[in-house]
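Read top to bottom, the protein sequences are chains G and L. Residues in the first sequence are numbered from 1 upward in steps of one, following this note's numbering. Residues in the second sequence are numbered from 1 upward in steps of one, following this note's numbering. The block underneath contains the structure these notes are about, expressed in structure tokens.
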Amino acid sequence: MDNQKYIEELKQFIVEGDDEQAGPAAQAAIEAGVDPSTLIKEAINGPMDEVGKKFQSGDIFLPELIMIGDAARVASDVIVPHISVEDLDAASGGTVVIGTIQGDMHDIGKNIVSAYLMATGFKVKDLGTDVTPKEFVQAVADEKADVIAISTLLSTTQPLFANITKTLVDSGQREDVYVIVGGGPVTPEWAAEIGADGYGRDAADAADLTRQVMTAGKKAPFAKPLVVGALKQ
Amino acid sequence: MNKPEIINILDRSQNGEYCTVKEWDVKRIPKAVKEKLEKYELKGVCDPENPVNMDAELADRFFKAGYEMALDLGMLCETTDRVIKVSDEELSEALKKAPSELTVGTGEDATVIKTRKPSDAYECKFGASLGITISEDVWPALTEGIARQEAVDVLEGGSLKSIYGLDVIPDAPSETLVGFEQAKQHVEIRKKAGRPGMGGIGQISAVTEYGQFGGYGIPGAFPTTDLSLILFPSELKVNYQTLHKVVHTLNVGGMIFAGSPAMIGGMPGPPEGAVLSCIACALLQYPVLQADVGGGEIYDIRYLSNVNRDGIWALSVTHQALSRNTNLLTHGIANQVSGPGTKELLYETVVGVSTIAVSGASFSTGPRSAGGKLDDYLTPLECRVCAEVAHAASGLSLEKVNEIAKALLPKFEDSIKDPHIGKIVHDVYDLEKFEAKPEWQGMYDEVKQEASDLGLVL
């Protein structure tokens, strides 16, 4: 099989959300000598724009998006160890710790963002729902995370977001990690108030925001949060 | 224990079949939806050009499919990863035993919520507002302003951001404190507004069960003649937080008002899938949560709303399915996105709330001004408008409300994804005189006239 066919086969398994076949297909491509960075770019990251458009237009829904994200993650786990250190930064978007804040069991937004991030090359540690500030901060250290992404659908949980940035500052870790926030009641003004580095209005914005904070060329904390998707007066 | 059935439910939450949340969400829910949509020929039936459903047979088919889905799936307790299934006998018994009439409040200020059918002349009752976050210094006057709106039947009010200057934090003692303090103030406000027996909904400021423990059914707090609000996660999931609230409400002899949204674009997928999930969830609230009033809530995650065409269609089919085939007391919410001081908020209200009322829901609450995103973006005026629409739409025909929806949707649907957030309460409403400022009042007068011209007389 020529290299392009390996790429197309892996791409197909990923867009179908077949995480059982994606791993073996990635392994077969690597063993056949397909360049790992090319595999990431063309078989995983490449289709994601189309996947994103289909999700936005309602041609696919959240379960499919999650399965596509899972398939992408399984394939990435096989491919990434074969990428040279020089090419690794280009291939990997970074590590993101994500969760819904303590007191909130809503997970839809978080699940969409996780799926998008995994599918576009980020390593994602999903902490689930009802995550305490202490658990978020601990996960940053455990995962050597580049970004904390916090979401909520409940306005009553917002004081806890400030607790996270405060704890990071008090523990001397604030400069090591970007903090991005989003979810129904969250606003850019409030993101600025708690010292977040970025605000995304919806799940699609969050993936774009994650990339932007990581490639902004600035250390955390930002003087003003990057805003993707502002509210209209 | 006046509802011993809950003991079996608690046992199943500990000992039911094992299933992870991911398996539930990504495999079981979509698989069940797909099967039922195929079996009952419900794929692709959403009609955005006629957003208010007028096909009774379609609603009845959705009901059958949703009932079957309820029995096939049950509900997942996500704290324990255990499935709480109910038998056909248990489900039908629970639906029979559920009340078809409920008095909320006391004396002449009380509201009687009743079973309704589509186009029922008995009014759909309305509770205001949803739990939009309100600053501690604004909350008393704003809540009193809402209570003073004669049209509003039941008082909920916004949620308190802080209590005595202390941030209300999940799981912290501040939740127990706000549960009680908000309840105490709530009861006093009803007296101040001249409606001492007005029914209330508690409690909204705390997310965990501590708010209920501190504030419902204990002396000085929300009385058991008020509704105990118990929200739970989508899709067909409960957890210990939910079950604590249920048991506490039963312990004190209160009334359970439950709800959870089925998400268009989420695990059930398309609008048709969300309708199925919503019907199944609405039915299961009666045996699993011992609900007195159960929620039939729809939310479109692509729009963070349900006043778009797909959302309106899904709301109408869900409530027609439930009201035509049961005698349950059901509840619906119109999820507006525009803010106070915008005409769009009023149009969204007319279309959303009239759909819920005409489709046979017993009760509705709202508004979700500015999508519930911003502190203090709520005024008593839109609370009143919601209630007026709920009452006025109640006796209309489905065809008439569909015409109204079709006439008004073009005025706001393009802005749903990127809505105008409007203005903070003080900019558009005088909380000392309890009246809207001229600009906001003027918008109401214009939209009221437009609605009247279309056949909805507020």
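For each residue, glycine too, the CB sits at the ideal point set by N, CA and C.
Using beta carbons (cut-off 8 Å, strictly below), is Q102 (chain G) in contact with chain C? Considering every chain present, this structure includes no chain C. Its protein chains are G and L.
List the residues that DSSP assigns as beta-bridge partners of P261 (chain L). Within the second sequence, the letter at position 261 stands for residue 261 (chain L). Bridge partners of P261 (chain L): L:E297.
Under 9 Å from the C-beta of A161 (chain G): neighbouring residues of chain L: Against the first sequence, residue 161 (chain G) aligns to sequence position 161. Reading off the sequence, residue 161 (chain G) comes out as Phe, not Ala. Under the 9 Å cutoff, chain L gives no residues; its nearest Cβ is about 11 Å from F161 (chain G).
Less than 8 Å between the C-beta atoms of E235 (chain L) and M267 (chain L), yes or no? Counting from one through the second sequence, the residue named residue 235 (chain L) turns up at place 235. Counting from one through the second sequence, the residue named residue 267 (chain L) turns up at place 267. Yes.
Going along the chain, which residues of the stretch 193-208 of chain L sit with their C-beta nearer than 9 Å to a C-beta in chain G? I204, S205, A206, V207, T208
Taking the alpha-carbon positions, what's the D72 (chain L) to V15 (chain G) distance? Position 72 of the second sequence, counted from the first residue, corresponds to residue 72 (chain L). Position 15 of the first sequence, counted from the first residue, corresponds to residue 15 (chain G). Each residue's alpha carbon lies about 30 Å from the other.
Of the residues L:L166, L:F62, L:A98, L:M75, which one's Cα is nearest the Cα of K3 (chain L)? Looking up residue 3 (chain L) in the second sequence gives position 3. When each option's Cα is compared against that of K3 (chain L), the closest is L:A98.
Which two residues bound the contiguous alpha helix (DSSP H) that contains T349 (chain L)? The residue you call residue 349 (chain L) lines up with position 349 of the second sequence. T349 (chain L) -> alpha helix (DSSP H) spans 343-358.
Of the residues L:D445, L:S260, L:V86, the one placed nearest E5 (chain L), counting alpha carbons only: One-based indexing of the second sequence puts residue 5 (chain L) at position 5. The shortest C-alpha separation from E5 (chain L) is found at L:V86.
For my contact list, N306 (chain L) and L315 (chain L) are in at a C-beta cut-off of 8 Å; report their separation, rounded to the angstrom. Translated into positions along the second sequence, residue 306 (chain L) becomes position 306. Translated into positions along the second sequence, residue 315 (chain L) becomes position 315. 6 Å between Cβ atoms; contact.
Check whether the Cβ of G259 (chain L) lies closer than 8 Å to any Cβ atom in chain G. Position 259 of the second sequence, counting from 1, holds the residue named residue 259 (chain L). No, its Cβ sits nowhere closer than 8 Å to a Cβ of chain G.
Distance, Cα to Cα, G269 (chain L) vs Y299 (chain L)? Position 269 of the second sequence holds residue 269 (chain L). Position 299 of the second sequence holds residue 299 (chain L). Spanning the two alpha carbons is a distance of roughly 12 Å.
C469 (chain L), enclosing alpha helix (DSSP H) - first and last residue: Here chain L covers residues 1 to 458 and nothing more, so residue 469 (chain L) does not appear.
Under a three-way DSSP split, which group does A459 (chain L) fall into? There is no way to answer for residue 459 (chain L), as the model of chain L reaches only from 1 to 458.
Quick one: is P173 (chain L) buried, meaning 16 or more other Cβ sit within 10 Å of its Cβ, or exposed? Taking the second sequence and counting its residues from 1, one reaches residue 173 (chain L) at position 173. It is exposed - the Cβ of P173 (chain L) has fewer than 16 other Cβ atoms within 10 Å.
How many Å lie between T143 (chain L) and F213 (chain L) at the Cα? Along the second sequence, read from residue 1 onward, the residue named residue 143 (chain L) stands at position 143. Along the second sequence, read from residue 1 onward, the residue named residue 213 (chain L) stands at position 213. Approximately 22 Å, taken between the alpha carbons.
Using only alpha-carbon positions, find the residue among G:V131, G:T156, G:L226, G:L153 that is nearest to Y178 (chain G). As a working mapping, residue 178 (chain G) is identified with position 178 in the first sequence. Here the closest residue by C-alpha is G:L226.
With a threshold of 8 Å between beta-carbons, can V26 (chain L) be considered close to chain G, or not? Working through the second sequence from its first residue, we reach residue 26 (chain L) at position 26. At least one chain G Cβ lies under 8 Å of V26 (chain L).
T111 (chain L) at chain G interface by Cβ criterion, 8 Å: Here residue 111 (chain L) refers to the residue found at position 111 when the second sequence is read from its first residue. Not one chain G Cβ lies under 8 Å of T111 (chain L).
Quick one: which chain L residues come within Cβ less than 8 Å of T156 (chain G)? Numbered from its first residue, the first sequence carries residue 156 (chain G) at position 156. Here the neighbours are G131, T133, S159, K161, V168, P170, S205, A206, V207.
Which residue comes first and which comes last in the alpha helix (DSSP H) that contains A282 (chain L)? Your numbering for residue 282 (chain L) matches position 282 in the second sequence. Residues 271-289.
Which bits of chain L does S180 (chain G) rub up against, with CB to CB less than 7 Å? If you number the first sequence from 1, residue 180 (chain G) lands on position 180. Note that residue 180 (chain G) is Ile in the sequence shown, not Ser. Those do not exist, as I180 (chain G) stays about 17 Å from chain L at its closest Cβ, beyond 7 Å.
Could you tell me the distance, in whole angstroms, from the CA atom of S452 (chain L) to the CA atom of D445 (chain L)? Here residue 452 (chain L) refers to the residue found at position 452 of the second sequence. Here residue 445 (chain L) refers to the residue found at position 445 of the second sequence. Distance between the alpha carbons of S452 (chain L) and D445 (chain L): 10 Å.
What did DSSP end up calling Y303 (chain L) once you bin it into helix, strand or coil? By one-based count along the second sequence, residue 303 (chain L) stands at place 303. Looking at Y303 (chain L) - three-state DSSP - the assignment turns out to be coil, as it is neither helix nor strand.
Assuming S100 (chain L) contacts K114 (chain L) under a Cβ cut-off of 8 Å, what Cβ separation, rounded to an integer in Å, is found between them? As a position in the second sequence, residue 100 (chain L) is number 100, starting the count at 1. As a position in the second sequence, residue 114 (chain L) is number 114, starting the count at 1. The pair is a contact, with the Cβ atoms about 7 Å apart (cut-off 8 Å).
Decide if E413 (chain L) is buried, meaning its Cβ has at least 16 other Cβ atoms within 10 Å, or exposed. The count along the second sequence starts at 1 and reaches residue 413 (chain L) at position 413. Under this definition E413 (chain L) is a buried residue.
Name, please, each residue of chain L whose Cβ falls closer than 7 Å to the Cβ of H82 (chain G). Numbered from its first residue, the first sequence carries residue 82 (chain G) at position 82. Going along chain L, no residue has its Cβ under 7 Å from H82 (chain G), so there is no contact; the nearest lies around 28 Å.
Nearest-angstrom beta carbon gap, G195 (chain G) and G182 (chain G) [assumed within contact, 8 Å]: Here residue 182 (chain G) corresponds to residue number 182 of the first sequence, with the count starting at 1. Here residue 195 (chain G) corresponds to residue number 195 of the first sequence, with the count starting at 1. Wrong, their Cβ atoms sit about 15 Å apart, outside the cutoff.
Looking at C-alpha atoms only, which residue of L:A32, L:E41, L:N53 is the closest neighbour of I404 (chain L)? For the purposes of this step, residue 404 (chain L) is identified with residue 404 of the second sequence, where counting begins at 1. The candidate whose alpha carbon is nearest that of I404 (chain L) is L:N53.
Flag A274 (chain L) as yes when its Cβ comes closer than 7 Å to any non-hydrogen atom of the ligand ADP, and as no otherwise. What this structure holds is no ligand at all, so the ligand ADP is not there to describe.
Counterpart residues of A436 (chain L) in DSSP-defined beta bridges: In the second sequence, the residue the question calls residue 436 (chain L) occupies position 436. Paired residues: L:Y429.
L62 (chain G) touches chain L at which residues, Cβ-Cβ below 7 Å? Here residue 62 (chain G) refers to the residue found at position 62 when the first sequence is read from its first residue. Here the neighbours are G265, G266, M267.
Assign L226 (chain G) to one of three DSSP states: helix, strand, or coil. Position 226 of the first sequence, counted from the first residue, corresponds to residue 226 (chain G). Residue state, collapsed to three classes: strand.
Consult DSSP for L130 (chain L) and reduce its assignment to one of helix, strand or coil. Here residue 130 (chain L) refers to the residue found at position 130 when the second sequence is read from its first residue. DSSP places L130 (chain L) in coil when its eight states are reduced to three.
Tell whether a beta-carbon distance below 8 Å holds between V401 (chain L) and T365 (chain L). One-based indexing of the second sequence puts residue 401 (chain L) at position 401. One-based indexing of the second sequence puts residue 365 (chain L) at position 365. No, they are not a contact pair.
Quick check: is the beta carbon of I108 (chain G) nearer than 8 Å to any beta carbon in chain L? The count along the first sequence starts at 1 and reaches residue 108 (chain G) at position 108. So, interface residue.
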